[in-house]
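Peer 1:
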Amino acid sequence: MMRLIAVGRMKDRVERDLFQRYAERLTPKLDMVEVAEGRGAAAEIKRREGQALLSALPDRAFVIAMDEGGRAHASLDFARHVERWLGLSRPVCFLIGGAEGLDGPVLARADDTLSLGPMTWPHMLVRGLLAEQLYRARAIASGHPYHRAGRP
């Protein structure tokens with residue numbers, strides 16, 4: 225089982241369609257759980273959102289926090305990590321925070337951290353980018369030609 229737990233509700237159809245395009249092709253399927261955005265000062269927002277993210281985790285989850293300070297992987301390396309995570313026989317859960325980022329206890333709970341690179345991405349767009357990268361990783365692992373490793 226793979227699950228994406230993210231702060232905020234995806235309202236934009238284009239972003240939602242991008243996520244669904246890849247999430248529905250994945251095996252195992254990537255389910256998404258959306259938690260409410262926090263209100264108040266920045267620290268309070270992070271705290272509330274962090275609690276909501278942690279509360280949405282299933283028992284025994286292997287948690288990967290999407291964080292700008294996380295590790296960035298090349299596609300082949302990421303595919304190896306995904307296969308290892310799926311081989312743990314635990315629910316694999318990716319956490320995406322809101323505009324304020326992830327709270328300290330969320331990062332402390334994470335078994336691994338992942339970055340999509342040094343650029344800052346809108347947190348709603350990260351959902352689709354992550355789904356595509358997971359699809360690519362699974363295609364690499366299965367020998368499907370979706371990923372083209374050669375450069376022109």
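For the sequence shown, the residue numbers in this note's numbering are 225 to 376.
Virtual Cβ for every residue (Gly too), placed ideally from N, Cα, C.
In this text, all values refer to a predicted model and were calculated from it rather than measured experimentally.
1) Consult DSSP for Gly274 and reduce its assignment to one of helix, strand or coil.
2) In the DSSP assignment, what residue or residues form a beta bridge with Glu258?
3) Could you round the C-beta distance between Tyr246 and Ala355 to whole angstroms and report it? I think they count as a contact, below 8 Å.
4) Give the DSSP bridge partners of Val287, in chain order.
5) With DSSP run on the structure shown, which of helix, strand or coil describes Gly294?
6) DSSP on Pro376, reduced to helix/strand/coil?
Peer 2: Taking the geometry as given:
1) The sequence position of residue 274 within the sequence shown is 50, counting from 1. Looking at Gly274 - three-state DSSP - the assignment turns out to be helix.
2) Numbered from its first residue, the sequence shown carries residue 258 at position 34. Note: Glu258 sits in a beta bridge opposite Ala230.
3) Against the sequence shown, residue 246 aligns to sequence position 22. Against the sequence shown, residue 355 aligns to sequence position 131. Their Cβ separation, rounded to whole angstroms, is 4 Å, which keeps Tyr246 and Ala355 in contact under 8 Å.
4) Residue mapping note: residue 287 aligns to position 63 of the sequence shown, counting from 1. Its beta-bridge partners are Cys317.
5) The residue given as residue 294 occupies position 70 in the sequence shown. In the structure shown, Gly294 sits in a strand (DSSP, three-state: E or B).
6) For the purposes of this step, residue 376 is taken as residue 152 along the sequence shown, with counting starting at 1. With a pLDDT of only 49 at Pro376, under the threshold of 50, the placement of this residue in the model should not be trusted, and no figure is reported.
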